[in-house]
Amino acid sequence: MMNNATDIDWVRACQTEFHRRMHFFNGWRFKAAPSKLLARPVGKPKSPPLLPLILPKTVERKQRYFRAPLSSRKRGTSASSPEKGFWFTHFDGEFIVREIELKPRVTPILFLAGRDDLKMSQYLLSETGLIQTQYEIKEREFEATWLRFGGPALRTRD
1 MMNNATDIDW VRACQTEFHR RMHFFNGWRF KAAPSKLLAR PVGKPKSPPL
51 LPLILPKTVE RKQRYFRAPL SSRKRGTSAS SPEKGFWFTH FDGEFIVREI
101 ELKPRVTPIL FLAGRDDLKM SQYLLSETGL IQTQYEIKER EFEATWLRFG
151 GPALRTRD
């Protein structure tokens, strides 16, 4: 039903509220991880307060693409040899639309908004710190990487 909505301000307000609730849920889920459950019990999360569904009419929906270095530590490896890779993201305004995680010797992981919402990063563009860095890339570079690893072609909304 939401895909058929023609009131763009309402759709954007719903998207903002959905993102805010997913961010809250993932924070609660992280706190309730099994390793931490033993340390202190975590109860049912409190509902986040509802925000008014009002957005300015001049919400910019600029398409931006980023490639940032990704490093993580695997269990059993020395602290001096982190596993390296790249995190590719496509933002539609403030929201992540697509993500790619590239790590050596691991099959690339592709995430698509609407399909993989629970697995995707829940950060807004302004929260990532990517804007102040030199990680922005051209659309064609992101698209080439996305398609090379089997990502579906993105349909644009008019």
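According to UniProt numbering, the sequence shown is numbered sequentially starting from 1.
For each residue, glycine too, the CB sits at the ideal point set by N, CA and C.
Small disclaimer: the values here were computed from a predicted structure and weren't measured.
Excluding sequence positions up to five before and after Thr89, its CB lies within less than 6 angstroms of the CB of Phe66, Ile96 and Glu99, all in the same chain and listed in chain order. If you look at Leu112, you'll find it in the beta strand (DSSP E) that goes Ile109 to Leu112. Ser126 carries a helical assignment under DSSP once its states are collapsed to helix, strand and coil. DSSP lists Phe88 and Leu110 as the beta-bridge partner residues of Ile100. Membership of Phe142 in the alpha helix (DSSP H) is indicated by the continuous run Glu139 to Arg148. By the neighbour-count criterion, in which a residue is buried when 16 or more other Cβ atoms sit within 10 angstroms of its Cβ, Arg12 is buried. Cα atoms of Trp87 and Tyr135: separation of roughly 10 angstroms, rounded to the nearest angstrom. Rounded to whole angstroms, the Cβ separation of Leu125 and Phe91 is 5 angstroms, and the two are in contact under 8 angstroms.
Residue burial annotation: Thr128 is buried, with at least 16 other C-beta atoms found within 10 angstroms of its C-beta. The C-beta distance from Gly85 to Leu70 rounds to 4 angstroms, short enough to fall under 8 angstroms. Here Leu110 is buried: its Cβ has 16 or more other Cβ atoms, across all protein chains shown, within 10 Å.
Put simply, the backbone Cα of Thr107 is about 21 angstroms away from that of Leu154.
When the beta-carbon positions are compared, Leu118 and Phe149 stay at least 9 angstroms from each other.
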